[in-house]
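Residue numbers for the sequence shown follow my numbering, so the first one is 204 and each next one is one higher.
Just so it is clear, CB atoms sit at the ideal spot from N, CA and C, and this is done for glycine as well.
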Amino acid sequence: MKVKETVLATILALILCFQIMFPLASAHTGEMFTLIVREDSVVPGNAQMRVNDTARWINVDDRENVTHRILVDANSDGIYQGEDDWDSGNLTNSCEHINGTKVDENCNAYFDIIFNETTMNMSYYNIVGTYAFVDIIFNETSGKTEKVYGNVTVNPDFHLRAGFQDNVINDEENNNNEERPAFLLFIAAGSGVGAAILGGMIIFGSKEED
Numbered sequence: 204m205k206v207k208e209t210v211l212a213t214i215l216a217l218i219l220c221f222q223i224m225f226p227l228a229s230a231h232t233g234e235m236f237t238l239i240v241r242e243d244s245v246v247p248g249n250a251q252m253r254v255n256d257t258a259r260w261i262n263v264d265d266r267e268n269v270t271h272r273i274l275v276d277a278n279s280d281g282i283y284q285g286e287d288d289w290d291s292g293n294l295t296n297s298c299e300h301i302n303g304t305k306v307d308e309n310c311n312a313y314f315d316i317i318f319n320e321t322t323m324n325m326s327y328y329n330i331v332g333t334y335a336f337v338d339i340i341f342n343e344t345s346g347k348t349e350k351v352y353g354n355v356t357v358n359p360d361f362h363l364r365a366g367f368q369d370n371v372i373n374d375e376e377n378n379n380n381e382e383r384p385a386f387l388l389f390i391a392a393g394s395g396v397g398a399a400i401l402g403g404m405i406i407f408g409s410k411e412e413d
């Protein structure tokens, strides 16, 4: 019995060490993050979200003849209307519908940007960062234009821990994360071989005791 108890204790210790060194984390599937476009502000003005989340600007300004237009500086070059930047077009408070279909296909009350690799055609680490945006408010009656500025910060969605995540990932961390999958496969293979050996020890140990 001593051999079996020793082997079982060893297995439990290996499993515990593996979990401590490589804790499991659930994947972030992505959520909707709403930014409310008001008469003279966007709330929140400095949004914090994670990779795979969707930023949705919703216009709730119900003034007549007033439109909002969200421009997002996608490449952080300080230009909001560049070729690669995002433009919502004019956002109105509501769109007329008949039997669930919009009368004007160009009418929009909200604007979405999905921060994931597929939609943006960018690598994971290029998505992480802060994106400045401006809300251009145009009053058709008075001809007056106003601007409201804000930011959307996209944080990593892995190795989460209690508290606020760091926004900056250095090159060393990037390299470590790229090498980690291969290393984990090596560990998993080694664990499988070890488990087989320990299983054999249990079987032969039991026979010796008999």
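The beta strand (DSSP E) that contains Glu-349, what's its start and end?
348 to 358
How is Met-252 classed by DSSP in three states: helix, strand or coil?
strand
Could you pull the start and end residues of the beta strand (DSSP E) that Met-235 belongs to?
235 to 240
From Glu-349 to Ile-317, what does the alpha carbon distance come to, in whole angstroms?
27 Å
Compute the distance between the beta-carbons of Arg-241 and Asp-264, then report whether it is under 8 Å.
yes
Pick from Asn-262, Glu-234 and Asn-329 that is closest to Glu-320, judged by C-alpha positions
Asn-329
Leaving aside the five residues before and after Met-323 along the sequence, list all residues of the same chain whose C-beta is less than 7 Å from its C-beta, in chain order.
Ile-330
Tyr-328 - containing alpha helix (DSSP H), residue span:
327 to 330
Thr-321 by DSSP, collapsed to three states: which one?
helix
Could you pull the DSSP bridge partners for Thr-270 from this structure?
Phe-341
When the Cα atoms are used, what is the spatial distance from Ser-244 to Val-351?
6 Å
Between which two residues does the beta strand (DSSP E) carrying Asp-290 extend?
289 to 294
For Ala-258, does the three-state DSSP call read helix, strand or coil?
strand
Would you tell me roughly how many angstroms separate the C-alpha atoms of Tyr-327 and Arg-272, rounded to the nearest one?
28 Å
Under a three-way DSSP split, which group does Thr-304 fall into?
strand
Between the alpha carbons of Ile-372 and Cys-310, how many angstroms are there, rounded?
Because Ile-372 sits at a pLDDT of 40, beneath the cut-off of 50, its placement in the model cannot be relied upon, and the following sentence gives the value as read from the coordinates. If you take the alpha carbons of Ile-372 and Cys-310, they lie about 39 Å apart.
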